[in-house]
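Asks: Starting off with a structure, shown below.
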Amino acid sequence: MKRVYLDHAATSPMHPAVIDSMLPVMKEGFGNPSSIHQFGRKTRHYVDEARNIAAKAICAKENEIIFTSGGTEADNLAIIGVARANKNKGTHIITTSIEHHAVLHTCEQLEKEGFKVTYLPVDEHGLVKMEDVSDALTDETILVTIMFGNNEVGTVQPMKEIGELLKDHQAYFHTDAVQAFGLYSIDVNELGIDFLSMSGHKINGPKGVGFLYAKNGTSFAPLSYGGEQERKRRAGTENVAGIVGLKTAIELSVEQGAQKAVQYLEFKQLMKEVWEREEVRFEINGTVEHSLPHVMNVYFPGTNVESLLVNLDLAGVAVSSGSACTAGSIDPSHVLVAMFGKDSDRIASSIRFSFGLGNTKEEIIHAAEQTAKVVKRLTRKK
Ligand code: PMP
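No gaps in the numbering here: position 64 of the sequence shown is 64 in UniProt numbering, and each next residue is one more.
Spelled out as structure tokens, the structure:
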């Protein structure tokens with residue numbers, strides 16, 4: 001059976017060039033980057049090179065990049081790190097109700113430790129209102145953490161305006177750019193971003209590696225103690241092969257990101273055309289103008305998520321509900337709840353299509369046709 005993978009926002013396959021760049025490191029580059037000898041120097045060179053590429057990709061400096069085990073660790077390091085190091089300046093944090101669990105659960109943990117967190121609402125497009133951000137700011141606010149692009153519905157927040165607003169405020173600006181990285185050209189200085197998280201496996205790199213950008217001069221505490229790796233901000237021997245794979249994935253996304261974004265917008269259009277032709281009832285959650293190119297969250301009235309996902313899987317189409325991954329179960333979407341309220345039909349009847357490496361027009365049309373069949377079957381009057 002023809003299988004189509006449309007769950008790239010959950011994770012993506014490694015690009016062949018990523019694998020090729022990692023193999024020699026796994027075979028021969030085993031030295032510890034902290035060792036003085038030739039073996040160590042060789043691997044240190046790999047890590048330094050990757051740091052240079054990562055920094056350039058977001059217009060940062062090399063010493064502002066901290067390699068982590070991925071997006072979750074980067075989010076935790078920024079949020080907990082800032083909270084711990086700045087509690088003498090204030091104990092208030094601002095975030096949104098549609099963040100990834102790596103941010104939401106981290107903030108909830110900090111609430112248990114005595115911090116106050118404001119969870120900003122979003123409108124029906126998933127957008128925060130600038131007015132709400134500025135109203136929430138107080139002299140006690142030490143951090144504003146708002147995601148760049150949402151993983152479930154794709155909403156892209158007004159980064160530049162938020163950065164601008166915080167320019168003269170003590171609060172640091174952290175953004176989870178795990179989904180946006182690679183599809184947008186990001187200049188952290190222009191956007192006024194102090195901390196930025198990204199993850200390798202969302203951009204055709206390896207799993208278990210990513211980085212946190214931390215602007216020079218910001219104060220934050222490490223989460224792990226031990227060796228002096230990553231300038232004492234993240235102890236532990238680096239995942240060298242992973243970091244090399246990450247470097248290649250970043251290079252590829254810098255080269256190809258803009259072109260991919262155009263292709264994914266065409267894919268969205270193609271799917272909509274098939275459903276219109278097939279007279280399937282559907283509505284896109286969120287907005288096209290303020291949405292990540294690779295994410296399309298769709299409401300199919302009269303269906304339910306479980307049946308859609310299982311039937312599509314049987315038809316060879318891999319999609320997801322989009323809500324943060326809880327092994328083996330479908331979590332109710334906190335993002336759609338925040339956008340439409342907990343009683344909306346959309347929460348139980350929406351699924352996410354997300355595009356990526358290797359997807360072709362033919363695959364997209366095939367997947368849309370299969371979806372039309374499944375939706376018609378599920379909504380047929382008995
Ligand atoms: N933030 C967002 C927006 C994500 O989509 C993900 C991945 N689901 C993460 C953070 C976590 O990244 P990782 O899997 O690398 O820990």
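No residue lacks a Cβ here, since even glycine has one placed at the ideal position from N, Cα and C.
Does the segment 155 to 166 come into contact with the segment 123 to 138, if we say contact requires no fewer than three beta-carbon pairs (one atom in each stretch) closer than 8 Å?
Replies: Counting Cβ pairs under 8 Å, three or more are found: they touch.
Asks: Flag T138 as yes if its beta-carbon sits less than 7 Å from any beta-carbon of chain B, otherwise no.
Replies: Included in the structure is just one protein chain, with no chain B present.
Asks: To the nearest whole angstrom, what separates the beta carbons of residue 383 and Q179, a pair I think is in contact under 8 Å?
Replies: It is not possible to answer for residue 383, since the shown part of the chain is limited to 1 through 382.
Asks: With a threshold of 8 Å, are at least 3 pairs of Cβ atoms found where one atom belongs to the segment 300 to 308 and the other to the segment 348 to 361?
Replies: The segment 300 to 308 is in contact with the segment 348 to 361.
Asks: How far does the beta strand (DSSP E) with M14 in it extend, from its first residue to its last?
Replies: Reading the sequence shown from its first residue, position 14 is the one you call residue 14. Segment: none, M14 is in no beta strand (DSSP E) and carries neither H nor E.
Asks: Should the segment 173 to 193 be regarded as contacting the segment 219 to 231, the criterion being three or more beta carbon pairs within less than 8 Å?
Replies: No, the segment 173 to 193 does not touch the segment 219 to 231.
Asks: Use the C-beta contact count for F300: other C-beta atoms within 10 angstroms, 16 or more gives buried, fewer gives exposed.
Replies: Taking the sequence shown and counting its residues from 1, one reaches residue 300 at position 300. With 16 or more other Cβ atoms within 10 Å, it is buried.
Asks: Spatial neighbours of A60 within its chain, please: C-beta separation below 6 Å, excluding the five flanking residues on both sides.
Replies: On the sequence shown, position 60 is the one that residue 60 refers to. The residues are V188, Y213.
Asks: Let's test the definition: count the other Cβ atoms within 10 Å of the Cβ of Q157 and tell me whether it reaches 16, buried, or not, exposed.
Replies: Residue 157 sits at position 157 when you count from the first residue of the sequence shown. When all chains shown are included, Q157 counts as buried.
Asks: Have a look at S69 and V240 and give me their C-alpha separation to the nearest angstrom.
Replies: Taking the first residue of the sequence shown as 1, we reach residue 69 at position 69. Taking the first residue of the sequence shown as 1, we reach residue 240 at position 240. About 11 Å.
Asks: In chain order, which beta strand (DSSP E) runs of at least 3 residues are fully inside the segment 53 to 137?
Replies: Taking only runs of at least 3 residues, the beta strand (DSSP E) segments lying wholly in the segment 53 to 137 are 65 to 68, 92 to 96, 116 to 120.
Asks: Residue ranges of each beta strand (DSSP E) run of no fewer than 3 residues wholly in the segment 286 to 354, ordered along the chain?
Replies: Here the runs fully enclosed are 295 to 299, 350 to 354.
Asks: Could you name the residues of the same chain whose beta carbon sits closer than 6 Å to that of R3, not counting the 5 residues immediately before and after it, in chain order?
Replies: For the purposes of this step, residue 3 is taken as the residue at position 3 of the sequence shown. G316, listed in sequence order.
Asks: Please classify E283: does DSSP put it in a helix, a strand, or coil?
Replies: Position 283 of the sequence shown, counted from the start, is the residue given in the question as residue 283. Looking at E283 - three-state DSSP - the assignment turns out to be strand.
Asks: Should E49 be labelled buried (16 or more other beta-carbon atoms within 10 Å of its own) or exposed?
Replies: Along the sequence shown, read from residue 1 onward, the residue named residue 49 stands at position 49. Classification for E49: exposed.
Asks: Nearer than 6 Å: is that true of the beta carbon of T91 relative to any heavy atom of ligand 1?
Replies: Here the question's residue 91 lines up with position 91 in the sequence shown. T91: no, Cβ never under 6 Å from ligand 1.
Asks: Please name the residue in A102, V122, L120 whose C-alpha comes closest to that of A177.
Replies: The residue given as residue 177 occupies position 177 in the sequence shown. Comparing Cα-Cα distances from A177 to each of A102, V122, L120, the minimum goes to A102.
Asks: Thinking C-alpha only, which one of G81, I36, L6, N216 is nearest E62?
Replies: In the sequence shown, residue 62 corresponds to position 62, counting from 1. Cα-wise, what sits closest to E62 is N216.
Asks: DSSP beta-bridge partners for Y172?
Replies: Position 172 of the sequence shown, counting from 1, holds the residue named residue 172. According to DSSP, which records beta bridges pairwise, Y172 is partnered with L143.
Asks: Return yes when the Cβ of G286 is within less than 7 Å of the Cβ of T96, no when it is not.
Replies: For the purposes of this step, residue 96 is identified with residue 96 of the sequence shown, where counting begins at 1. For the purposes of this step, residue 286 is identified with residue 286 of the sequence shown, where counting begins at 1. No, Cβ-Cβ distance for T96 and G286 is not below 7 Å.
Asks: Taking 7 Å as the cut-off, decide whether the C-beta atoms of H8 and S354 are in contact.
Replies: Residue mapping note: residue 8 aligns to position 8 of the sequence shown, counting from 1. Residue mapping note: residue 354 aligns to position 354 of the sequence shown, counting from 1. For H8 and S354, yes; Cβs fall inside 7 Å.
Asks: Check the DSSP bridge columns for residue 401 and list the partner residues they point to.
Replies: The question about residue 401 has no answer here: the residues shown for the chain are numbered 1 through 382.
Asks: To the nearest angstrom, how far is the alpha carbon of H366 from that of T141?
Replies: Indexing the sequence shown from 1 puts residue 366 at position 366. Indexing the sequence shown from 1 puts residue 141 at position 141. One C-alpha to the other measures close to 50 Å.
Asks: Is there contact here, the segment 254 to 267 with the segment 29 to 43, by at least three beta-carbon pairs under 8 Å?
Replies: As far as the Cβ criterion goes, the segment 254 to 267 does not touch the segment 29 to 43, which means the pair count is below three.
Asks: Give a single yes or no on whether V295 has its beta carbon closer than 6 Å to a heavy atom of ligand 1.
Replies: Here the question's residue 295 lines up with position 295 in the sequence shown. No; taking the cut-off as 6 Å, the Cβ of V295 has no heavy atom of ligand 1 nearer than that.
Asks: Could you tell me whether the Cβ atoms of N297 and V153 are closer together than 7 Å?
Replies: Locating residue 297 in the sequence shown gives position 297, counting from the first residue. Locating residue 153 in the sequence shown gives position 153, counting from the first residue. Yes. Within cutoff.
Asks: How far does the alpha helix (DSSP H) with A368 in it extend, from its first residue to its last?
Replies: As a working note, residue 368 is residue 368 in the sequence shown. Run containing A368: 361 to 379, per the alpha helix (DSSP H) assignment.
Asks: Could you tell me how far apart the beta carbons of V47 and I243 are, in whole angstroms, since I believe they sit closer than 8 Å?
Replies: Taking the sequence shown and counting its residues from 1, the one referred to as residue 47 is at position 47. Taking the sequence shown and counting its residues from 1, the one referred to as residue 243 is at position 243. Rounded, the Cβ-Cβ distance is 6 Å, consistent with contact.
Asks: Can you tell which of A57, R234, G149 has the C-alpha that lies nearest to the C-alpha of H100?
Replies: Here residue 100 is taken as the residue at index 100 of the sequence shown, counted from 1. Nearest option by C-alpha distance: G149.
Asks: What does the alpha-carbon distance come out to for the pair P121 and A338?
Replies: Taking the sequence shown and counting its residues from 1, the one referred to as residue 121 is at position 121. Taking the sequence shown and counting its residues from 1, the one referred to as residue 338 is at position 338. Roughly 7 Å separates the two Cα atoms.
Asks: Given a cut-off of 7 Å on the beta-carbon distance, is the pair I53 and I193 in contact?
Replies: Position 53 of the sequence shown, counted from the start, is the residue given in the question as residue 53. Position 193 of the sequence shown, counted from the start, is the residue given in the question as residue 193. Not closer than 7 Å, so no.
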